[in-house]
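Next comes the structure, spelled out in structure tokens:
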């Protein structure tokens, strides 16, 4: 199902141009919004690399049951170098290709990456959310930016991720005895609702189901055993 970009820009740009695009888009970020309601479709996205190719997966689940509905995989040349803080320009073209192959329409994107917990408040989750004007959440496995104290060792416990006095995310413990995740606003959702959504999507693993399944799909797994699949290779 083709997706509609709301704030189109080129992806094949120089690093300096990429930073300028981030600076232009940051004023469009909306840091408030509700949790997805019953029946909403959450799409998890993740990207892996094989040589010079980015392999992106998008997996749609029904909220709150988290029933897998569809998956799509796209493999495209990675045209942009790996530069911390500019991940969207390396990975987003593959993600957008996968989303365009997905047979259902997302109500919210859950991205394996950062949202506003980024030096310019424009991580890949925020970038995709603004580009598509979709609610989005960043759910990263490691810190990119900011300082924090470790949260208590119990599921659902979290501490603020700060840049100076600004709270830019949450360090969230999804499972006891396991390293926390770094959750942040992407676009059109509040931090509290982003945290609650991530915890509502946890099913016995460190990662919430949308991004956990997308990670598996990016590695070649069929995570929708009786659902619909699309591949663009």
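In this note's numbering, the protein residues as written are -10 to 222.
Note that beta-carbon positions come from the ideal geometry of N, C-alpha and C, so glycine has one too.
All values derive from a computational prediction rather than experimental measurement.
Distance CB(residue i)-CB(residue j) smaller than 8 Å
i: residue 158; j: residue 173; result: yes
i: residue 125; j: residue 204; result: no
i: residue 95; j: residue 49; result: yes
i: residue 47; j: residue 36; result: no
i: residue 150; j: residue 135; result: yes
i: residue 83; j: residue 45; result: yes
i: residue 206; j: residue 62; result: yes
i: residue 109; j: residue 11; result: yes
i: residue 34; j: residue 105; result: no
i: residue 101; j: residue 129; result: yes
i: residue 97; j: residue 9; result: no
i: residue 138; j: residue 148; result: yes
Rounded straight-line distance, which links the Cα of residue j to that of residue i
i: residue 67; j: residue 183; result: 29 Å
i: residue 0; j: residue 79; result: 8 Å
i: residue 160; j: residue 23; result: 20 Å
i: residue -3; j: residue 25; result: 25 Å
i: residue 112; j: residue 99; result: 13 Å
i: residue -9; j: residue 51; result: 19 Å
i: residue 122; j: residue 15; result: 13 Å
i: residue 85; j: residue 76; result: 14 Å
i: residue 41; j: residue 133; result: 23 Å
i: residue 118; j: residue 169; result: 23 Å
i: residue 116; j: residue 7; result: 11 Å
i: residue 73; j: residue 107; result: 10 Å
Sequence-distant residues of the same chain with beta carbon closer than 6 Å to residue i, five excluded per side
i: residue 188; result: 145
i: residue 20; result: 174
Own chain partners of residue i with C-beta closer than 7 Å, once the 5 adjacent residues on each side are dropped
i: residue 201; result: 194
i: residue 55; result: 190, 192, 198
i: residue 53; result: 27, 189
i: residue -6; result: 120, 121
i: residue 208; result: 37
Coarse secondary structure for residue i, derived from DSSP in three states
i: residue 81; result: helix
i: residue 219; result: Residue placement at residue 219 cannot be trusted, given a pLDDT of 42 that sits under 50; the coordinates are not used to answer.
i: residue 106; result: coil
i: residue 206; result: helix
i: residue 194; result: coil
i: residue -7; result: coil
i: residue 175; result: strand
i: residue 65; result: strand
i: residue 54; result: coil
i: residue 155; result: strand
Close beta carbons around residue i, own chain, < 8 Å, minus the five adjacent residues each side
i: residue 87; result: 34, 45, 46, 47, 61, 62, 63, 221
i: residue 38; result: 44, 67
Which residues DSSP lists as bridging residue i, in chain order
i: residue 98; result: 32, 125
i: residue 133; result: Residue 133 is not bridged to any residue.
i: residue 148; result: 160
i: residue 39; result: 42
Cβ-heavy atom distance, residue i to the ligand FAD, below 7 Å
i: residue 34; result: Of the ligands one can find in the structure shown there are none, so the ligand FAD has no counterpart to examine.
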